[in-house]
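Colleague:
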Amino acid sequence: MSWLAILILILLLGLIIGGLYISRMATVKQMEAQELKARLRQRRARLSEVEELFSTLMIYDRNPELLGALKDRLVQEAEVMVDMAPKDPACQRDLEYYQGLANDIDQLGDLQNQPETPTSDRQINIIKRHFGRTMKLIRNVMNRGEMNELSGHEHLARLKRNTLMLEVEAYKLQGQRAKENQDTSTAAAYFKHAKDMLIASDIPFDGKSKQIKTISRMITGLYSSEFDPEDDKEASDNDNQSASDKA
1 MSWLAILILI LLLGLIIGGL YISRMATVKQ MEAQELKARL RQRRARLSEV
51 EELFSTLMIY DRNPELLGAL KDRLVQEAEV MVDMAPKDPA CQRDLEYYQG
101 LANDIDQLGD LQNQPETPTS DRQINIIKRH FGRTMKLIRN VMNRGEMNEL
151 SGHEHLARLK RNTLMLEVEA YKLQGQRAKE NQDTSTAAAY FKHAKDMLIA
201 SDIPFDGKSK QIKTISRMIT GLYSSEFDPE DDKEASDNDN QSASDKA
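Residue numbers for the sequence shown follow the UniProt record's numbering, so the first one is 1 and each next one is one higher.
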């Protein structure tokens, strides 16, 4: 075999080995890119879950301290994603969006700690589901020492109480609407359901007994407004007085 043939063979072997190396490196980079996308996708899914909780709490809890804690969690996760994929514009947009949530919290103003009353069964179910997930998240971060225990227990107690009271207020609202539409039986059913929920609940809070008595009066008022013996007696007395004056 001539030297030329040997050189050609060596060159071919070099090209083959080089091609295999390049192919291998391309495969490794592709796998790394796929793994990065998978990790980002998982983190983005977790962020979406927390963001969903944040949105619900902005309407039905409005506690600035808890909202701030969720916002900080979102920002921290988004910063990790930016570090993982600094050239990914979506990660940077997410970070900027979550940082901007601080303004949304500040804009609550007088609405802080003034939750909105749900108006449908769907909204009630969302509150129950999202408040439950939020309480689970709070317990997890407390166990990891990432939240002050006193604050954590205060948030848990409030969310548990609000889960009950928002549903009670929703049924009271629906009962009031039925009353305005002169549907006494439906209004009474809504009011009674709200009252029964409070009685059956083992959640203690100030004013619970007063709430139950108030709803009881609302139920009684549905029927006394149609025929109230006291009103009838007063009308009869007025008629008698008018007759005496004429005499």
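Here a beta-carbon is modelled for each residue, glycine too, at the ideal position from N, C-alpha and C.
On a Cα-Cα basis, can you pick out the residue from Glu77, Gly145, Ile59 that is closest to Gln107?
Modeller: Translated into positions along the sequence shown, residue 107 becomes position 107. For Gln107, the nearest C-alpha among the options comes from Ile59.
Colleague: Determine the extent of the alpha helix (DSSP H) in which Ile126 is found, giving its start and end residues.
Modeller: Looking up residue 126 in the sequence shown gives position 126. Its alpha helix (DSSP H) spans residues 121-143.
Colleague: Just verifying my parser: in three-state terms, what is the DSSP assignment at Leu108?
Modeller: By one-based count along the sequence shown, residue 108 stands at place 108. Correct three-state label for Leu108: coil.
Colleague: Just to check my reading of the structure: His155 and Glu52 have Cβ atoms closer than 8 Å, yes? What is that Cβ distance to the nearest angstrom?
Modeller: For the purposes of this step, residue 155 is taken as residue 155 along the sequence shown, with counting starting at 1. For the purposes of this step, residue 52 is taken as residue 52 along the sequence shown, with counting starting at 1. 17 Å between Cβ atoms; not a contact.
Colleague: Looking at the structure shown, is Gln114 part of a helix, part of a strand, or coil, going by DSSP?
Modeller: Position 114 of the sequence shown, counted from the start, is the residue given in the question as residue 114. The answer is coil: DSSP assigns Gln114 none of H, G, I, E or B.
Colleague: If the criterion is Cβ atoms closer than 8 Å, does the pair Glu167 and Ile124 meet it?
Modeller: Here residue 167 is taken as the residue at index 167 of the sequence shown, counted from 1. Here residue 124 is taken as the residue at index 124 of the sequence shown, counted from 1. Against a cut-off of 8 Å, the Cβ pair of Ile124 and Glu167 comes out as a contact.
Colleague: Three or more C-beta pairs closer than 8 Å, one from the stretch 184-196 and one from the stretch 204-223: is that the case here?
Modeller: Enough Cβ pairs lie closer than 8 Å, so yes.
Colleague: One question on the structure: do Leu57 and Thr134 come within less than 8 Å of each other, judged by their Cβ atoms?
Modeller: Position 57 of the sequence shown, counting from 1, holds the residue named residue 57. Position 134 of the sequence shown, counting from 1, holds the residue named residue 134. Closer than 8 Å, so yes.
Colleague: Just tell me which of Asp183, Ile17, Leu40, Leu101 has its CA closest to the CA of Met84.
Modeller: Looking up residue 84 in the sequence shown gives position 84. That would be Leu40, whose Cα lies nearest to the Cα of Met84.
Colleague: Note down the Cα distance separating Leu13 from Ile22, rounded to an integer number of angstroms.
Modeller: In the sequence shown, counting from the first residue as 1, residue 13 sits at position 13. In the sequence shown, counting from the first residue as 1, residue 22 sits at position 22. Cα to Cα, Leu13 sits roughly 14 Å from Ile22.
Colleague: Taking the C-alpha atoms as reference points, what is the distance between Gly169 and Thr119?
Modeller: Counting from one through the sequence shown, the residue named residue 169 turns up at place 169. Counting from one through the sequence shown, the residue named residue 119 turns up at place 119. The sequence shown places Glu at residue 169, not Gly. Straight-line Cα distance between these residues: approximately 9 Å.
Colleague: Do you know whose CA, among Ser151, Leu7, Asn143, Ala189, lies nearest Ala69's CA?
Modeller: If you number the sequence shown from 1, residue 69 lands on position 69. Considering only alpha carbons, the answer is Ser151.
Colleague: Select from Ala188, Gln112, Ile212, Gln76 the residue whose C-alpha is nearest the C-alpha of Leu199.
Modeller: Locating residue 199 in the sequence shown gives position 199, counting from the first residue. Residue identity check: residue 199 is Ile in the sequence provided, not Leu. When each option's Cα is compared against that of Ile199, the closest is Ile212.
Colleague: If you follow the alpha helix (DSSP H) that Asn162 is part of, which residue opens it and which one closes it?
Modeller: Here residue 162 refers to the residue found at position 162 when the sequence shown is read from its first residue. First-last of the alpha helix (DSSP H) with Asn162: 149-180.
Colleague: Which residues in the same chain have their Cβ closer than 6 Å to the Cβ of Glu146, if we skip the five residues on either side of it in sequence?
Modeller: Reading the sequence shown from its first residue, position 146 is the one you call residue 146. There are no such residues.
Colleague: Three or more C-beta pairs under 8 Å: does that hold for the stretch 2-11 against the stretch 29-44?
Modeller: No, they do not touch.
Colleague: Using only the alpha-carbon positions, how far apart do Ala38 and Leu67 sit?
Modeller: The residue given as residue 38 occupies position 38 in the sequence shown. The residue given as residue 67 occupies position 67 in the sequence shown. About 28 Å.
Colleague: Is it true that the CB of Glu77 sits closer than 8 Å to the CB of Arg46?
Modeller: Here residue 46 refers to the residue found at position 46 when the sequence shown is read from its first residue. Here residue 77 refers to the residue found at position 77 when the sequence shown is read from its first residue. Contact flag set, yes.
Colleague: Give every residue of the same chain whose Cβ lies closer than 7 Å to the Cβ of Lys128, excluding the five residues on either side of it in the sequence, and list them in chain order.
Modeller: One-based indexing of the sequence shown puts residue 128 at position 128. Result list for Lys128: Thr163, in chain order.
Colleague: Under the rule that 16 or more other beta-carbon atoms within 10 Å means buried, what is Gln174, buried or exposed?
Modeller: Numbered from its first residue, the sequence shown carries residue 174 at position 174. That one is buried.
Colleague: Following the continuous alpha helix (DSSP H) through Lys195, name the residue where it begins and the one where it ends.
Modeller: If you number the sequence shown from 1, residue 195 lands on position 195. Element bounds for Lys195: 184-200.
Colleague: Which of helix, strand or coil does DSSP assign to Asn103?
Modeller: Translated into the one-based positions of the sequence shown, residue 103 becomes position 103. Helix.
Colleague: Given a threshold of 16 other Cβ atoms within 10 Å of its Cβ, counted over all protein chains shown, does Leu15 qualify as buried or as exposed?
Modeller: Taking the sequence shown and counting its residues from 1, the one referred to as residue 15 is at position 15. Exposed: under 16 other Cβ atoms inside 10 Å.
Colleague: Who are the near neighbours of Arg74 in its chain, counting only those whose CB is closer than 8 Å to its CB and skipping five residues on each side?
Modeller: The residue you call residue 74 lines up with position 74 of the sequence shown. Looking at the sequence itself, residue 74 is Leu, so the reference to Arg does not match. So the list reads Leu47, Val50, Glu51, Phe54, Tyr98, Leu101, once near-sequence residues are dropped.
Colleague: Should Leu95 be labelled buried (16 or more other beta-carbon atoms within 10 Å of its own) or exposed?
Modeller: Here the question's residue 95 lines up with position 95 in the sequence shown. Buried, by the Cβ-count rule.
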